[in-house]
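Have a look at the structure below, then the notes.
Numbering (this note's numbering), first residue to last: -6 to 335.
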């Protein structure tokens, strides 16, 4: 097998100078990861979802120069995946459908992209001899916490079609490590926020509505708690795991080891933005009763043990940076604050 011959010899993988593929590079975390990899000295092949407008998502406008090669396509196509992984040393697989509300509407599309897409990337990486595959999971696979903080041994609970598809994708990725020795690490970030995030997510929802001058902010359930991480910290965790040989074959949480309720988060953002706004419950933002995940609090002990990783931004610091970005009129104009986007 081509991969097995290339991987022999071991040694600590360093990203500098590597040819790296990022799937989902046109998205929120993906575009920040591309920038971080460029700064690390990588040459990046960045996959954007094919569209007839030649739109590269958040990659449009990034000043990355000759070190980035943008390609457009779809991870659902196995032949395409074989082509884009040629000459690639490290794969960061982020391409996924992630909107939980839309997974209730179109669950089959989540299986196609998240499960089959992961199969295609792993198969292609194995055939082309990639040195490392970093597969991105989500804390949603844990469902409502049975105990806190949540470590990697916590049971998996498919409380939405989205989380079910990611559980399947995670299992499939790890099967390639167990069956074929493909050097896979499954990275499991808890809730990431920051500039460029979709207005579907709760922090941009609050900030963008306040910034647009809304007198009443529409939200769903205020009781759930989340472990929020600034996007630069999530990307730092991804890079740290990519360079950690001891993480191969493991699933590793990335989080802050802190939680906050959505209600308290709203109060904090309102305080930081200096606005007195009312709160309104929007029924269409509520999940079905058995599907709501009420508590996510990360135990980040494993990533600290493996890599020494610690988040650098407090929630207040990260929110200030995020507010500054969203309140720039040029950035706010990209968002339709009057529409709830599933």
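Each residue gets a CB set at the ideal place from its N, CA and C atoms; glycine is no exception.
The model shown is predicted, which means the values in this text are computed figures rather than measured ones.
Limits of the unbroken beta strand (DSSP E) element including residue i
i	result
residue 85	83 to 86
residue 110	That residue, residue 110, is in no beta strand (DSSP E); its alpha helix (DSSP H) goes 110 to 120.
residue 209	209 to 212
residue 202	Counting along the chain, residue 202 falls outside any beta strand (DSSP E), though it belongs to the alpha helix (DSSP H) covering 195 to 204.
residue 128	125 to 129
residue 13	12 to 16
Rounded separation between residue i and residue j - CA only
i	j	result
residue -6	residue 41	In this prediction, residue -6 has a pLDDT of 43, which is less than 50 and means its spatial position is unreliable; what the coordinates show is noted afterwards. Approximately 30 Å between the Cα atoms of the pair.
residue 39	residue 115	17 Å
residue -1	residue 236	Since pLDDT at residue -1 reaches only 39, below the 50 mark, its modelled position is unreliable, and no value is offered.
residue -3	residue 227	With a pLDDT of 42 at residue -3, under the threshold of 50, the predicted position of this residue should be treated as unreliable, and no value is reported.
residue 229	residue 302	8 Å
residue 122	residue 82	8 Å
residue 54	residue 156	32 Å
residue 19	residue 142	32 Å
residue 316	residue 167	38 Å
residue 311	residue 172	40 Å
residue 174	residue 126	11 Å
residue 283	residue 149	15 Å
residue 386	residue 203	Shown here, the chain extends from -6 to 335; a query on residue 386 therefore has no answer.
residue 314	residue 320	10 Å
residue 223	residue 247	11 Å
residue 211	residue 95	18 Å
residue 273	residue 199	11 Å
residue 1	residue 119	Unreliable placement is indicated for residue 1, whose pLDDT of 35 sits below 50; the coordinate value is still reported in the next sentence. Cα-Cα distance, rounded: 14 Å.
residue 239	residue 59	32 Å
residue 3	residue 293	Here residue 3 scores only 38 on pLDDT, less than 50, and its place in the model should not be relied on; the value that follows carries that caveat. So the two alpha carbons sit approximately 26 Å from each other.
residue 108	residue 128	12 Å
residue 74	residue 80	12 Å
residue 25	residue 267	28 Å
residue 182	residue 245	8 Å
residue 37	residue 117	17 Å
residue 14	residue 295	26 Å
residue 72	residue 124	20 Å
residue 300	residue 180	13 Å
residue 208	residue 264	15 Å
residue 30	residue 304	18 Å
residue 169	residue 112	9 Å
residue 184	residue 12	28 Å
residue 9	residue 165	29 Å
residue 289	residue 132	7 Å
residue 147	residue 46	43 Å
residue 89	residue 193	15 Å
Residue(s) in a DSSP beta bridge with residue i
i	result
residue 41	65
residue 189	Per DSSP, none; premise fails for residue 189.
residue 177	126
residue 182	247
residue 222	185
residue 36	12
residue 143	291
Minimum C-alpha distance to residue i - residue among the options
i	options	result
residue 270	252, 205, 219 and 301	205
residue 22	130, 268 and 171	130
residue 219	20, 208 and 195	195
residue 216	262, 223, 285 and 172	285
residue 190	35, 328 and 32	328
residue 242	43, 251 and 163	163
residue 187	14, 324, 15 and 33	324
residue 34	45, 57 and 24	57
residue 68	27, 137, 308 and 43	43
residue 27	79, 71 and 85	85
residue 160	185, 91 and 120	91
residue 392	45, 105, 221 and 265	A query on residue 392 cannot be resolved here, the shown segment of the chain reaching from -6 to 335 and no further.
residue 261	307, 249 and 250	307
residue 318	232, 201 and 304	201
residue 297	250, 289 and 65	250
residue 287	9, 72 and 139	139
residue 99	193, 257 and 158	158
residue 136	179, 197, 291 and 300	291
residue 152	88, 233, 113 and 97	97
residue 309	289, 322, 78 and 259	259
Residue range of the unbroken alpha helix (DSSP H) whose run includes residue i
i	result
residue 78	First-last for residue 78: undefined, no H or E at that position.
residue 322	322 to 325
residue 98	93 to 98
residue 315	308 to 319
residue 134	Segment: none, residue 134 is in no alpha helix (DSSP H) and carries neither H nor E.
residue 26	21 to 32
If you scan the region 229 to 297 from start to end, which runs of the beta strand (DSSP E) of 3 or more residues do you find wholly inside it?
244 to 247 and 271 to 274
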